[in-house]
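Numbering (the working numbering), first residue to last: 235 to 315.
Think of the CB as a built atom: it goes at the ideal place given N, C-alpha and C, for glycine as much as any other residue.
Computed from a predicted model, the values in this text were never measured in an experiment.
A quick write-up on the structure given underneath.
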């Protein structure tokens with residue numbers, strides 16, 4: 235399952251997301267989305283879990299929780315078009 239993570243602090247890196255979400259299960263990948271021109275974080279990213287139950291547990295536990303002084307937006311990602 236792919237999870238959208240929003241309202242991230244601009245200093246958050248891919249490894250930070252892996253560490254945060256890894257507490258809930260096996261993370262296949264984590265990616266903070268960056269601006270193509272500046273390389274600066276856009277404040278959101280995606281985390282892919284191997285197991286849907288682990289992903290749902292992470293969404294339930296982390297949605298609205300404080301991370302680096304900001305309340306996280308955590309929900310199932312919409313499919314790519």
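Nearest candidate by alpha-carbon position, reference residue i, set the options
i           : options               : result
residue 292 : 260, 241, 302 and 244 : 260
residue 247 : 275, 269 and 238      : 275
residue 266 : 305, 235 and 239      : 239
residue 273 : 280, 257, 286 and 245 : 245
residue 258 : 284, 278, 288 and 310 : 288
residue 264 : 278, 270 and 290      : 278
Any non-hydrogen atom of the ligand GDP closer than 8 Å to residue i Cβ
i           : result
residue 287 : With respect to the ligand GDP, the structure offers nothing, as it holds no ligand at all.
Within 9 Å, strictly: CB atoms of residue i and residue j
i           : j           : result
residue 242 : residue 296 : no
residue 294 : residue 235 : no
residue 315 : residue 284 : no
For residue j and residue i, believed in contact at Cβ under 8 Å, the rounded distance
i           : j           : result
residue 237 : residue 308 : 6 Å
residue 280 : residue 311 : 6 Å
Paired residues, beta bridge with residue i - DSSP
i           : result
residue 271 : According to DSSP, which records beta bridges pairwise, residue 271 is partnered with nothing at all.
residue 326 : The structure shown has nothing for residue 326, since the chain only spans 235 to 315.
Original post:
At what residue ranges does the segment 237-282 contain a whole run of the beta strand (DSSP E), taking only runs of 3 or more?
Top reply: 261-268
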